[in-house]
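Student: Just so you know, we're using the numbering used here here: the sequence shown kicks off at 7 and counts up by one.
Positions of the beta carbon are idealized from the N, C-alpha and C atoms, including for glycine.
Remember, predicted model here, so these are calculated numbers, not experimental data.
Structure below; questions to follow.
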Amino acid sequence: MKRLFPAPLISLSILVLWLVLNGSLGFGHWLFGLTLAVVVPLATASLRPTPARIRRPWTVFKLVCLVGRDVIVSNLVVAKGVFRARRTPPKGTFVRVPLQLRDPHGLAALAAIMCVIPGTVWSELSLDRGTLLLHVFDLDDEAAFIEHLKSHYEKPLMEIFE
Numbered sequence: 007m008k009r010l011f012p013a014p015l016i017s018l019s020i021l022v023l024w025l026v027l028n029g030s031l032g033f034g035h036w037l038f039g040l041t042l043a044v045v046v047p048l049a050t051a052s053l054r055p056t057p058a059r060i061r062r063p064w065t066v067f068k069l070v071c072l073v074g075r076d077v078i079v080s081n082l083v084v085a086k087g088v089f090r091a092r093r094t095p096p097k098g099t100f101v102r103v104p105l106q107l108r109d110p111h112g113l114a115a116l117a118a119i120m121c122v123i124p125g126t127v128w129s130e131l132s133l134d135r136g137t138l139l140l141h142v143f144d145l146d147d148e149a150a151f152i153e154h155l156k157s158h159y160e161k162p163l164m165e166i167f168e
């Protein structure tokens, strides 16, 4: 069964998406959707990364809670910065962050976190994956920002994935 459906969730998603997009549950749509659900995951198997191995599920929960809190706090900070922009414009800048995290799944999670938190944008990852370039909306203390990122996001991601 694993040979026919190497990624069962992807296969199921393709079938459901095909049926929903066509708005029909006719036999032909089911047949073509099942064909797509078998062929597409088989044809794209080499493009999928190796499965992630999560080493500390409790750390995942704590990280999700921390990111949720930081999203709320950052929303308030960015809103405050927008409202006071006429008096004191924000000090947007690019920041280079040295990384110890090398796992591709951890880097993808870090990219998602940086894009979700208002006021930060993932701009570039060096070819050796050792330096991250971020744009920060309003930055007062670069060293404190780097320390926050490394201790609150990079360290837990390293515990989870490495």
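Among G112, L15, A58, which has the Cα closest to the Cα of L163?
Tutor: Locating residue 163 in the sequence shown gives position 157, counting from the first residue. The residue with the shortest Cα to Cα distance from L163 is G112.
Student: Name the DSSP bridge partner or partners of W128?
Tutor: Position 122 of the sequence shown, counted from the start, is the residue given in the question as residue 128. Answer by DSSP bridge pairing, in chain order: L140.
Student: For I152 versus V73, is the C-beta spacing smaller than 8 Å?
Tutor: Numbered from its first residue, the sequence shown carries residue 152 at position 146. Numbered from its first residue, the sequence shown carries residue 73 at position 67. No, these two residues do not count as a Cβ contact at 8 Å.
Student: Let me make sure I understand the geometry here. Which of T41, S19, A13, I166 has the alpha-carbon closest to that of L53?
Tutor: Your numbering for residue 53 matches position 47 in the sequence shown. Proximity to L53 across T41, S19, A13, I166 peaks at A13, based on C-alpha coordinates.
Student: Taking the runs of the alpha helix (DSSP H) that are 4 residues or longer, which of them lie wholly in the stretch 62-98?
Tutor: 63-89
Student: Just tell me which of R108, D146, K156 has its CA closest to the CA of T94.
Tutor: By 1-based counting over the sequence shown, the position of residue 94 is 88. If we check each option's Cα against that of T94, D146 comes out closest.
Student: For P104, which of helix, strand or coil comes out of DSSP?
Tutor: Mapped onto the sequence shown, residue 104 falls at position 98. In this structure, P104 counts as strand in the three-state DSSP scheme.
Student: Can you list, in chain order, the stretches of the alpha helix (DSSP H) that have 4 or more residues and sit fully within the stretch 7-68?
Tutor: 14-28, 33-49
Student: Give the straight-line distance between the Cα atoms of I123 and K161, rounded to the nearest whole angstrom.
Tutor: Locating residue 123 in the sequence shown gives position 117, where the first residue counts as 1. Locating residue 161 in the sequence shown gives position 155, where the first residue counts as 1. Going from the Cα of I123 to the Cα of K161 covers about 17 Å.
Student: Quick check on this structure: which residue in A58, L69, V142, F67 has the alpha carbon closest to the alpha carbon of P110?
Tutor: Here residue 110 refers to the residue found at position 104 when the sequence shown is read from its first residue. The residue with the shortest Cα to Cα distance from P110 is A58.
Student: Quick check: what's the CA-CA separation for L29 versus I20?
Tutor: For the purposes of this step, residue 29 is taken as the residue at position 23 of the sequence shown. For the purposes of this step, residue 20 is taken as the residue at position 14 of the sequence shown. Looking at the sequence shown, residue 29 is not Leu but Gly. Approximately 14 Å, taken between the alpha carbons.
Student: Drop a sphere of 10 angstroms on the beta-carbon of L133, count the other beta-carbons inside from all chains shown, and report buried for 16 or more, exposed for fewer.
Tutor: Residue mapping note: residue 133 aligns to position 127 of the sequence shown, counting from 1. Label assigned to L133: exposed.
Student: Just tell me which of F67, V77, H141 has its CA closest to the CA of F100.
Tutor: Looking up residue 100 in the sequence shown gives position 94. If we check each option's Cα against that of F100, H141 comes out closest.
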